[in-house]
Each structure stands twice: as structure tokens, then as C-alpha cells.
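Enquirer:
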Amino acid sequence: MGQILEITLMNLRNLVSRLGSSLVIVVGIAGVVAVLVGLLAMAAGFRAALQSASVPERAIVLRDQSNGELSSGMSNVEYNIVSQFEGVAVLSPELYVVADIPKMDTGTPANVVLRGVGPDAFVVRPEIEVIKGRRFEPGRNELLVGQLAAVEFAGLEVGAEIELKSSRWRIVGHFAANGSAYESEVWADLPVAQSAFNRGGALSSMRVLLEQPSLAASVAEAIKADPRLDLALTTEDQFYAEQSEGLSSLITSFGYAVATIMAIGAVFAALNTMYTAVSTRSVEIATLRALGFGALPVVISVLIEALLLAFLGGALGGLVVWLLFDGYTASTLNNASFSQVAFDFAVTPQLLQTGLVWALVLGAIGGLLPALRAARLPIFDALRGE
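According to my numbering, the stretch in the sequence shown is residues 1 to 386, in order.
1. Between which two residues does the alpha helix (DSSP H) carrying residue 123 extend?
2. Spatial neighbours of residue 93 within its chain, please: CB distance less than 6 Å, with the 5 preceding and 5 following residues excluded, ordered by chain position.
3. Using three-state DSSP, classify residue 343 as helix, strand or coil.
4. Out of curiosity, what's the CA-to-CA distance linking residue 134 and residue 153?
5. Between which two residues does the alpha helix (DSSP H) holding residue 148 run?
6. Across the stretch 246 to 256 and the stretch 52 to 60, are there enough close Cβ pairs to call them in contact, namely three or more that are closer than 8 Å?
7. Using only alpha-carbon positions, find the residue among 233, 223, 209 that is nearest to residue 81.
8. So, with DSSP's three-state summary, where would you put residue 20?
9. With DSSP run on the structure shown, which of helix, strand or coil describes residue 143?
10. Using 8 Å as the cut-off, can you tell me whether the stretch 142 to 160 makes contact with the stretch 307 to 319, which would need three or more C-beta pairs spanning the two stretches below that distance?
11. Return the first residue and the last residue of the alpha helix (DSSP H) that residue 80 is part of.
12. What is the C-beta distance between residue 91 and residue 194, in whole angstroms, given that I count them as a contact (C-beta under 8 Å)?
13. Check whether the Cβ atoms of residue 149 and residue 345 lie closer than 7 Å to each other.
14. Among 271, 166, 329, 303, which has the Cα closest to the Cα of residue 28?
15. Run through DSSP, which three-state label would residue 227 get?
16. In terms of residue numbering, what span does the alpha helix (DSSP H) encompassing residue 392 cover?
17. Any beta carbon from chain C within less than 7 Å of residue 363's own beta carbon?
18. Taking the C-alpha atoms as reference points, what is the distance between residue 72 and residue 31?
19. Taking the continuous beta strand (DSSP E) assigned at residue 96, which residues delimit it?
In C-alpha cells:
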């Protein structure tokens, strides 16, 4: 241990003389970590925006075999039947449509969810909080806009007017919903939305507030067993997990693929740098060996140097992503709902830890072969500078 400490301290003191080549390792690994953590933060933020919309005592009723609210449909008769089931505390009938609203940064039209709701929607979702303006009034062409939608899409300021489906709508308020996907939506009075979008009395879904979370299975069985209904109940936890699975998995896979490609380049940079460091210090290493220092301390000291540089690169990459992207608001198309979902990047401690692990693995790979070469240098040849 004493030999390892002495050689390692000597190597670290000499880092200043090899600053340029050492920075190649640091910057290369920082780039890998930044890309990996950034894309994983995007996937984590998207997943959190959907899954944070769920609570254990809530469920959603859709047309059986529907894969989302957009493809679902039901009638007021079915709503009346479900509202009578035991275990249903509050039932909110809702219309789910998409409207073209320009994006704030590009001006290109995007699919934004317009949700037609009644008063029970706010009872079912107590987390909805009007943070600016007021709620829409029944019977009026008024919109209540999620705060992330107001940031990502143009013309949604309180007091502004916007044209949707050949009708003029007035923005009367903004709401927050604990950072969930609801904040990417605009809400309107249910009958007004049905009329404006030519849906008659049709509904897309029903949100259920259960008397107890444990009653979800029994209510689902009652709905399935009723011959008058062709509906299915799913807990919000399960529904949003399925909605987020496809895109978050795609982003995560893409992130690891890009990071792997960049990691190969970073490893080659580390190998080249550490081989060069060993080569320029061959006489120094041979002198240590001649003085009685063992091969193992030489190997470990070179590895420690490589790991330290890799750790600095990983920390730098993680810090850059955290400073630039943590909480950064973006939007993307959710293929499951065919609509834009706004969300905040989430650079979590777990993702930063993943980035550091990647950095240390790359440093170990890049330092191992040069470390072994340093230990195997023939002492007499190295002392002659050969």
C-alpha cells in the first residue's frame, strides 16, 4: 500500500505537465456522460409527467380494447349506468379531442389535447389549482389552460383569444396539476366542446374516484359483467404506465445507443493518452522498478490516474447537464395519445450516479492495458530509453 500511495502521488503531481493530453480524457468522457444523462433525463421527465397524473383511488373507464382516450367512445346512457355502481364515489364524464395550436418556438401546428369536462372533473382531481385567472363558465367558449401548455404553445395567455374548429375561444385562466401531463392540456365546458367538435352527446372517457383504492377490481368486474356495457376500467397507475412505456423506452434505448458510440471514441482517446503517458515515463517507471517497487503498485497507480480523470469527466458532464437541463421544459409527441405532452427534464441523483458509473467503467477500460504495459516494461531496456 505504501508503494501504491507513493507512485500514485507522484503520477498525480505530474499531471500538470500532461495537462493537454489529460484533458482529452476528461472532455471525452464528459461528453459521453452529458449525452447519456441528458437523454435519460428527458425520458424520466416524460415518464414522470404521465405517471404523476395518477393516484391510487382514481381509475379511468374506456371503450373495451381501446388503447387510449382518443380512440375511445361511449354514451351518456353508459355514463348513467356506471355512476350507479357500488364503489364509485364520483364519476366525471369527459371528451378528449386534439386541436391544432402553434408551438411557441417554431410556430408549427401541434396536436394539443382539449378536454371537455364538467364540475365533477375538479372533484375527481383535487390537485388542479387555478394559478392565474379563473375557471371557465358553463355554456361559454372559454378555456382553462395548463401552465406547461401556456409555455410551450402560442396564443394561450390569459385574456387572449384563439380560433379552434371555426370558433373563437377566450383564455380565462391557467392551472397547475403537480407537474403532471394535465398541465399540457386545455380544458373547456363539456357541452360546449361537444358542440364545437361535432361530437353530439358522445364521451371519450370517464374518470372514476373510487370510495377506496381496493375497490378497483370489483368495479372493473361489475363493468365487464354488465351486458349493457362494452367498457373496461383501468387504474390510473396502470393506464399511465402503459401510455409512457413506448416513448420512454425509445428515448432510453436511443440514449444508451448514442452514448455507447461516443464511449468507444472516449475509450480510444483514453487508451492513446494513457499509452502516451506510460511511454514518456518509461525511464521513470523502470527506475522505480529497479529501486524495488513491484509491478502491482505500478498497475494500480496508472489505473487510479485513469479513474481519477474519468471521474472528473463524469462529474463535469453531469454538472453541465444538471445546470443546463434540470427543470428545462420541452414537449414531444406521445404516440399513444397522438398529442403533444409538455414536461420538465428530470436530472435525478440516480441518473447522475449512472453517469459516474459509466465514466469510471470507461476510465478502467482505457487505463487497464496501458497499466499492464507499464508493469511489463523490461527494466534494462526502459532505463536505456528503448
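Built from N, CA and C at the ideal position, the CB exists for glycine as well.
Since the structure is predicted, the reported quantities are computational estimates derived from the model, not experimental observations.
Expert: The relevant details are as follows:
1. The residue given as residue 123 occupies position 123 in the sequence shown. Start and end: 120 to 124.
2. On the sequence shown, residue 93 is found 93 positions in, with the first residue counted as 1. Result list for residue 93: 79, 203, 206, in chain order.
3. Along the sequence shown, one-based indexing puts residue 343 at 343. In the structure shown, residue 343 sits in a strand (DSSP, three-state: E or B).
4. Translated into positions along the sequence shown, residue 134 becomes position 134. Translated into positions along the sequence shown, residue 153 becomes position 153. The alpha-carbon atoms of residue 134 and residue 153 are separated by roughly 20 Å.
5. As a position in the sequence shown, residue 148 is number 148, starting the count at 1. 147 to 152 is the span of the alpha helix (DSSP H), which, as asked, contains residue 148.
6. no
7. Within the sequence shown, numbered from 1, the residue matching residue 81 stands at position 81. Closest option to residue 81, Cα to Cα, is 223.
8. Indexing the sequence shown from 1 puts residue 20 at position 20. The answer is helix: DSSP assigns residue 20 an H, G or I state.
9. For the purposes of this step, residue 143 is taken as residue 143 along the sequence shown, with counting starting at 1. Of the three classes helix, strand and coil, the one that applies to residue 143 here is strand, per DSSP.
10. no
11. What you label residue 80 is simply residue 80 of the sequence shown in a count that begins at 1. Counted as a single uninterrupted DSSP element, the alpha helix (DSSP H) harbouring residue 80 occupies residues 76 to 82.
12. One-based indexing of the sequence shown puts residue 91 at position 91. One-based indexing of the sequence shown puts residue 194 at position 194. At roughly 17 Å, the Cβ-Cβ gap does not stay under 8 Å, so residue 91 and residue 194 are not in contact.
13. Residue 149 sits at position 149 when you count from the first residue of the sequence shown. Residue 345 sits at position 345 when you count from the first residue of the sequence shown. Going by C-beta atoms, residue 149 is not nearer than 7 Å to residue 345.
14. Residue numbering aside, residue 28 sits at position 28 when the sequence shown is read from its first letter. When each option's Cα is compared against that of residue 28, the closest is 271.
15. Along the sequence shown, read from residue 1 onward, the residue named residue 227 stands at position 227. Correct three-state label for residue 227: coil.
16. The first residue shown for the chain is 1 and the last is 386, placing residue 392 beyond what the model contains.
17. Although the question refers to chain C, the structure presented lacks it and comprises just one protein chain.
18. As a first step, residue 72 is located in the sequence shown; it is residue number 72 there, counting from the start. As a first step, residue 31 is located in the sequence shown; it is residue number 31 there, counting from the start. Spanning the two alpha carbons is a distance of roughly 44 Å.
19. By 1-based counting over the sequence shown, the position of residue 96 is 96. Note, residue 96: beta strand (DSSP E), 88 to 102.
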